[in-house]
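Everything below concerns the one structure shown next.
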Amino acid sequence: MLLAATSPLGVLPLALDGESVAETGGGGVLAIVSVVSIAIGYVILFALWRYVFSAKAKAKRGEPPD
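Residue 190 is where the sequence shown starts when you use the working numbering, and the numbers rise one by one after that.
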């Protein structure tokens with residue numbers, strides 16, 4: 190089982206309930222969920238950088254810039 194999961198030739202993308210996408214034919218929904226989750230991740234990373242790690246945020250807190 191572990192060998193099949195790590196082999197690039199034997200890997201089928203898994204849906205959220207554990208069934209493979211090739212068996213169910215629901216690849217479109219999985220692709221949309223993947224794109225939306227990646228986009229949300231980028232928004233969270235941008236907000237974190239903007240409000241915590243940027244020079245403007247550090248200046249607002251009174252910390253010296255790097």
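A virtual CB, placed ideally from N, CA and C, is assigned to each residue, including glycine.
Presumed contact (8 Å Cβ cut-off) between Y240 and A246, rounded CB distance: One-based indexing of the sequence shown puts residue 240 at position 51. One-based indexing of the sequence shown puts residue 246 at position 57. Rounded, the Cβ-Cβ distance is 6 Å, consistent with contact.
S226, DSSP secondary structure in three states: On the sequence shown, position 37 is the one that residue 226 refers to. In this structure, S226 counts as helix in the three-state DSSP scheme.
Nearest-angstrom Cα separation, counted from V232 out to A244: Residue numbering aside, residue 244 sits at position 55 when the sequence shown is read from its first letter. Residue numbering aside, residue 232 sits at position 43 when the sequence shown is read from its first letter. Their backbone Cα atoms lie some 19 Å apart in a straight line.
Three-state class that DSSP yields for G251 in the structure shown: As a working mapping, residue 251 is identified with position 62 in the sequence shown. DSSP places G251 in coil when its eight states are reduced to three.
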